[in-house]
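Numbering (this note's numbering), first residue to last: 1017 to 1118.
We treat Cβ as the ideally placed atom computed from N, Cα and C, and that holds for glycine.
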Amino acid sequence: MENHSPGKHQKTVKYRPLRLSRGMKIFDWWMAGLSALFLLAIPIAIGIIPPIDGQTDSLLFNIGVGSMLAGVLVLSLWAYQGIDDWLERRRNAPGRHPKRHQ
C-alpha cells in the first residue's frame, strides 16, 4: 500500500530543453569535422606513409604534432563556444527569469 499523505507532496518543476540555433548546429558539425581531421585523419595518414629518409621522417613527425596541436585548439574553441552559447540561451530563455517585485 502506498501512503498518499497530503503534507508530503513534492512539487517537481520541469523545464523544456534549450534548443540550439541553426547556426550553432552548423558550427558543431564543422568543429566535429575539423576535430576528426586534425586528431584522427591526418595522424593516421602520416602513420601509414613510410618515411623515405631522416628528413622526411622528421617532417612527417612535425606535421603530425602540428595537427594534434591544431586539433586541441579546435576542441578548446568548440568547448568555449558551446559553453558561451549555452549560457546565452539560458540567460535569454523565456520563463527562466526570476520574478521581479515592483
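- In this structure, the beta-carbon distance from LEU1055 to GLY1098 does not fall below 8 angstroms.
- Taking a cut-off of 8 angstroms for Cβ pairs, the region 1075-1084 and the region 1094-1108 do not touch, as fewer than three such pairs fall below it.
- Pairing PRO1059 with ILE1042, the inter-Cα distance amounts to about 25 angstroms.
- Annotation: TRP1102 to LEU1053 spans about 25 angstroms, alpha carbon to alpha carbon.
- DSSP, read as helix, strand or coil, puts ASP1069 in coil.
- Taking all protein chains in view, the Cβ of SER1083 is crowded by 16 or more other Cβ atoms within 10 Å, so the residue is classified as buried.
- Assigned with DSSP and collapsed to three states, SER1051 falls in helix.
- A straight-line Cα-Cα distance of about 10 angstroms links ASP1044 and ARG1038.
- Under the three-state reduction of DSSP output, SER1037 falls in the coil class, being neither helix nor strand.
- Per the coordinates, the alpha-carbon of VAL1090 lies some 15 angstroms from the alpha-carbon of MET1040.
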